[in-house]
Amino acid sequence: MMVGRITGARIMFQRVEVVWHDAFAITDTWMDTEDIDDLPCEVTSIGYLIPDKKPNHVVLAQSHNTHESVDSVLAIPVRMVQNIKVLD
């Protein structure tokens with residue numbers, strides 16, 4: 003999968019949708035163990051894929067600019083990723 007292309011001196015990152023399972027708190031108080039369900043916390047994130055930046059992670063940026071700077075970077079552990087879809 004191509005993750006970026008160069009146009010002139012600018013890198014164009016691919017926009018992707020990543021579905022992944024997140025760790026989460028089930029409760030903030032005492033509860034019976036029978037009340038704990040087995041459902042995952044499934045998260046869908048959309049952003050610009052930044053390849054090869056953090057081992058064993060899918061790295062997304064919310065925004066990027068013409069200076070190749072990025073904003074609001076999210077690193078998702080690969081083992082938590084359920085699906086990646088290219089949007090462009």
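Just so you know, the sequence shown maps onto residues 3 to 90 in our numbering.
Where is the CB? At the ideal position from N, CA and C, for every residue including glycine.
No experiment lies behind these values; they were computed from the predicted model shown.
**Item:** Residue from 41, 15, 71, 20 whose Cα sits closest to the Cα of residue 78
**Value:** 20
**Request:** Please confirm whether residue 17 and residue 90 have their CB atoms less than 8 Å apart.
**Result:** yes
**Message:** Since residue 75 and residue 63 should fall inside the 8 Å C-beta cutoff, what is the C-beta to C-beta distance between them, to a whole number of angstroms?
**Reply:** 5 Å
**Asked** Taking just the CA atoms, how far does residue 71 sit from residue 43?
**Response** 31 Å
**Prompt:** Along the chain, where does the beta strand (DSSP E) that runs through residue 77 open and close?
**Reply:** 72-79
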